[in-house]
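Residue numbers (our numbering), protein chains in the order written: chain B, 6 to 145; chain Y, 1017 to 1126; chain R, 802 to 1364.
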Amino acid sequence: MTISRRRILAVASAGLAVTLMPLPAQAATDAGDLIARFTDGATPGEGPLTISAPQIAENGNAVGVEVACPGARSIRILAPANPNPEVCTVHFGPRAGSRTLSTRIRMAETMDVIALAEMEDGGFVQASARVRVTIGGCGG
Amino acid sequence: MERIDARPRVRVPRSASPGEVVLIRTLANHPMENGERLDSDGERVARHIIHRFICTFNGDTVIEMEIEPSLAANPFIEFEAEVPESGTFHFAWHDDNGDVYEATADIEVA
Amino acid sequence: MISRRHFLQASLAASALLGPAASGQWGRLAAQQRLSQSDLLDFDTFGNVTLIHLTDLHAQTQPIWFREASVKLGGGDARGQPPHLVGEDFLAHYGLERTSAMAHALTHVEFEALGQAYGRMGGLDRIATLVGAIRADRPDALLLDGGDTWHGSLPALRTDGQDMVNLMNALGVDAMTSHWEFTLGADRVDQIVSGLPFAFLGQNIFDTDWNEPVYEPYRLFERGGALVAVIGQAFPYTPIANPAWMFPDLSFGIREARMQAMVEEVRAQGADLVVVLSHNGFDVDRQMAARVQGIDVILTGHTHDALPEPLLVGQTLLIASGSNGKFVTRLDLDVRDGQMLGFRHRLIPVFADAIDPDPEMAALVAAERAPFAEELAEVLGHTDSLLYRRGNFNGTWDDLICTALMEERDAEIALSPGVRWGPSLMPGDPITREDVFNVTAMTYGQAYRRQMTGAEIHGAMEDIAENLFHPDPYFQQGGDMVRVGGLGYRIAVDRPMGERITGLTHLASGEALDMDRAYTVAGWASVTEGTEGPQIWDVVSDHIRKQGRVSVPGNETIEVVTG
Chain B
6 MTISRRRILA VASAGLAVTL MPLPAQAATD AGDLIARFTD GATPGEGPLT ISAPQIAENG
66 NAVGVEVACP GARSIRILAP ANPNPEVCTV HFGPRAGSRT LSTRIRMAET MDVIALAEME
126 DGGFVQASAR VRVTIGGCGG
Chain Y
1017 MERIDARPRV RVPRSASPGE VVLIRTLANH PMENGERLDS DGERVARHII HRFICTFNGD
1077 TVIEMEIEPS LAANPFIEFE AEVPESGTFH FAWHDDNGDV YEATADIEVA
Chain R
802 MISRRHFLQA SLAASALLGP AASGQWGRLA AQQRLSQSDL LDFDTFGNVT LIHLTDLHAQ
862 TQPIWFREAS VKLGGGDARG QPPHLVGEDF LAHYGLERTS AMAHALTHVE FEALGQAYGR
922 MGGLDRIATL VGAIRADRPD ALLLDGGDTW HGSLPALRTD GQDMVNLMNA LGVDAMTSHW
982 EFTLGADRVD QIVSGLPFAF LGQNIFDTDW NEPVYEPYRL FERGGALVAV IGQAFPYTPI
1042 ANPAWMFPDL SFGIREARMQ AMVEEVRAQG ADLVVVLSHN GFDVDRQMAA RVQGIDVILT
1102 GHTHDALPEP LLVGQTLLIA SGSNGKFVTR LDLDVRDGQM LGFRHRLIPV FADAIDPDPE
1162 MAALVAAERA PFAEELAEVL GHTDSLLYRR GNFNGTWDDL ICTALMEERD AEIALSPGVR
1222 WGPSLMPGDP ITREDVFNVT AMTYGQAYRR QMTGAEIHGA MEDIAENLFH PDPYFQQGGD
1282 MVRVGGLGYR IAVDRPMGER ITGLTHLASG EALDMDRAYT VAGWASVTEG TEGPQIWDVV
1342 SDHIRKQGRV SVPGNETIEV VTG
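In structure tokens form, the structure reads like this:
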């Protein structure tokens, strides 16, 4: 497993001193690998999967994310630009009331957070949400 | 690995009607040390997380989660369950150190 | 039957007609060098509900100079629209005479010369007189405070906001919302709120563990036979723009869906009028007004804009009442059967020399200041040039603060936050300890000194520029552009993030900023917990004492490019 060893940017303690520029090319490569690992190489399509996250993270250490996908067997959340890009995988059991999960994730920098769902028919679908992580700190 | 006072907490409705879908909310205290952080001496702090969460109702699975280091500290997990009859939710958080933090909640279905 | 929309448009047209007419009147008064309290209060009571709006006082209890921005660019569609018009463009848009009192109050045009004619603005005792006079017309007028009230002066800092709490209680506020209040720390806010005799509203403040509302979202008031709902909206980006560690258990955000739900909830409870008391900032409010249905009035705040007329978005009136006590808005409304059928509006400029101080409030203010009287009055030096801050980029106050940071802290480059608060000083004015606190007072004023590479400085500036010039208002957060000392740059505000800032020049050497080299940077207002260093007001005071007289020319090392 290749995990990029990009320095963690301690967002909460950044003040004005740390730059948080996204590295899109690198992240895109990582994301492709990560997705392939979950889908066993299959290319995910589009489906009823939704991912909701704030456009701007208040705190990169805890960003609320909600995923929902009627007909999903399981859903994985990925934060591709994190040093540890895998966040979690939820499997829905017989008593699940919906195929929905809300949780909070770490984000080292601005990125597209990815959700991948494995459907009951064995297919895969993907969705993503852009979240901006900023150093802020300029009052108002 | 150090012991954690996880104080698991759950919010589950006290009652519901048969077949109703109810909202389940859970919180546990945990630093979710991701294995990337450097301490004040510049040494890498070893990974120490909750790596698995499972919720059952009367023995049947509601959800089961594999958790990685990018989940935020103090894991917050919210989902929905369908309750066909009265019974008990059981919740378990599995720590890398082998500890399992547990909670239960009863619901009256009528 | 005439639709509500028609009524509103007719009513707005009437208001627009009043604007230039009123300004003409101001012009004549200017010529006579005379302004009277009755001129300022002239208002034909209208309808059945009166709202009085005051916002962003920043603990300014005394009359002050406050030069409005000469550069206040908006992002995206807001460019060239109010409130982003400044100077001559503003005067032309609203038909104001360039030497009129309102021109002086609302723009930077000939600020120094007109200041001599019209005098200082603001003062809580003058505001109390205006509020009292409005209440004489309409005893049950609602007084709504948009927040940024408990912060921004020496007494407020030393009393943890208690002076302002006492004074606003005496003024008789009915509801407030918040932003800088939270820099007192969440515990202190809760301590104050538990004793407030009025509503502390914020529909968008949640706890970080269960994500549940923390403060009252709205309050209902019976006024003039109508049920008035006031929904509070705190500054959505408080944990980003200010130190989140001071209120670690709180989460903010715009929370537009909950705002819509609250509007529906109060309507279901029979609200005839829905007012949002907001600290979103004007452009965010404009967008929210277009996206959330059913709001009658948004009392805007945060961005310190003052507009002589309401701005209509769909059927929602946006009111902008300025800052630092310069203005009080009176908005009379005709509210019947769940509908706002018409309005009459006046942005009342608080010309301190024209308004009799309310003696009771004047005594209360004096009592709050008394423990600090000696320190407040200490003269540190004099200024030979106008000192001001407000605007997108470095003002002269900022340049002075940056110079103080570089000289007193032996740094190559200085960074100073682009906050919008901070009154001005006129050429020739003494600079007192109070004046320095008025532009620096905060609970995290430590002046840090650290190494940053050219690339880190560039990255930070790009990030902050993105927060200011993002074309989508919902992405705009915090204040104006970070102020820099010892550094020149060119900013193409309409370029994407990462491409706006070019030509970074280390001014002392005249050389391009080396992206790989580490520079010694001094700054203040870091949001990092545990930041160490002397307080910024002491750094600036020391510098001014040493200088005796200061003169700060306008900043010519920042080039702003649009398009």
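For every residue, glycine included, the Cβ atom is placed at its ideal position computed from N, Cα and C.
Taking C-alpha positions only, R:Asp1159 is separated from Y:Ala1088 by approximately 54 Å. For Y:Ile1079 and Y:Ile1070, the gap between their C-alpha atoms comes out near 6 Å. Y:Arg1025 and Y:Glu1052 have their C-alpha atoms spaced approximately 28 Å apart. Distance from the Cα of B:Val70 is smallest, within the candidate group B:Val118, B:Ala122, B:Glu123 and B:Met124, for B:Val118. At a cut-off of 4 residues, the continuous stretches assigned as alpha helix (DSSP H) that sit fully inside the stretch 1155-1181 of chain R are 1160-1170 and 1174-1178. Membership of B:Leu121 in the beta strand (DSSP E) is indicated by the continuous run Met116 to Met124. Membership of R:Arg1318 in any beta strand (DSSP E) is not indicated, and neither H nor E is assigned to it by DSSP.
DSSP, read as helix, strand or coil, puts R:Gly1286 in strand.
Listed along chain R are Thr1009, each with a C-beta nearer than 8 Å to that of B:Ala67.
For R:Val1220, there is no enclosing alpha helix (DSSP H), as DSSP marks it with neither H nor E. Here R:Met1063 has Gln1004, Pro1018, Tyr1019 and Ile1032 as same chain residues with Cβ atoms under 8 Å from its own Cβ, once five neighbours each way along the sequence are excluded. When DSSP assignments are scanned along the stretch 935-978 of chain R, the uninterrupted stretches of beta strand (DSSP E) that are 3 or more residues long and fall wholly within it turn out to be 943-946.
DSSP places Y:Glu1049 in the strand class (E or B) of the three-state scheme. Bounds of the alpha helix (DSSP H) holding R:Phe912 are Phe912 to Tyr919.
Judged by DSSP secondary structure, R:Ser1342 falls within the alpha helix (DSSP H) whose first and last residues are Ile1337 to Gln1348.
In terms of Cβ geometry, R:Glu1169 and R:Asp964 form a close pair [threshold 8 Å]. For R:Asp1315, the closest C-alpha among the options R:Pro1231, R:Tyr919, R:Val1351 and R:Gly1255 is that of R:Gly1255.
The three-state reading of DSSP puts R:Tyr895 in helix, counting H, G and I together. Around the C-beta of Y:Asn1113, fewer than 16 other C-beta atoms lie within 10 Å, and the residue is accordingly described as exposed.
Look at R:Asp890: its C-beta is not under 8 Å from any C-beta on chain B.
Nothing from the stretch 1017-1033 of chain Y brings a Cβ to less than 7 Å from some Cβ of chain B. Taking C-beta atoms as the reference points, R:Lys873 and R:Asn1193 count as a pair closer than 8 Å. Spanning the alpha carbons of R:Ala1266 and B:Gly65 requires a straight line of approximately 19 Å. The shortest C-alpha to C-alpha distance from R:Gly1364 to any of R:Ala1326, R:Val1294, R:Val1328 and R:Ala1319 is the one to R:Val1294.
Annotation: B:Arg135 has no Cβ neighbours in chain R at a cutoff of 9 Å; minimum Cβ distance is about 11 Å.
Under the three-state reduction of DSSP, R:Val1240 is assigned to coil, being neither helix nor strand. A distance below 8 Å separates the beta carbons of R:Leu1112 and R:Pro883. DSSP places R:Ala1062 within a helical segment (H, G or I) once states are collapsed to three. Annotation for B:Ile82: no alpha helix (DSSP H) segment contains it, though the beta strand (DSSP E) segment containing it runs Ala77 to Leu83. R:Val1098 sits away from R:Val1129, with the two beta carbons spaced by 8 Å or more.
Neighbourhood of R:Gly1054 in chain B, by CB distance below 8 Å: Pro59 and Glu63, in chain order. For R:Gln1278, the nearest beta carbon of chain B is closer than 8 Å to its own beta carbon. Counting along the chain, R:Ser995 sits inside the alpha helix (DSSP H) bounded by residues Ala987 to Gly996. Annotated three-state conformation of R:Phe983 is helix, per DSSP. About 11 Å separates the beta carbon of B:Ile80 from that of B:Val92, a gap too long to meet the 8 Å contact definition.
Contact between the stretch 1117-1126 of chain R and the stretch 1076-1096 of chain R is present: three or more C-beta pairs spanning the two stretches fall below 8 Å.
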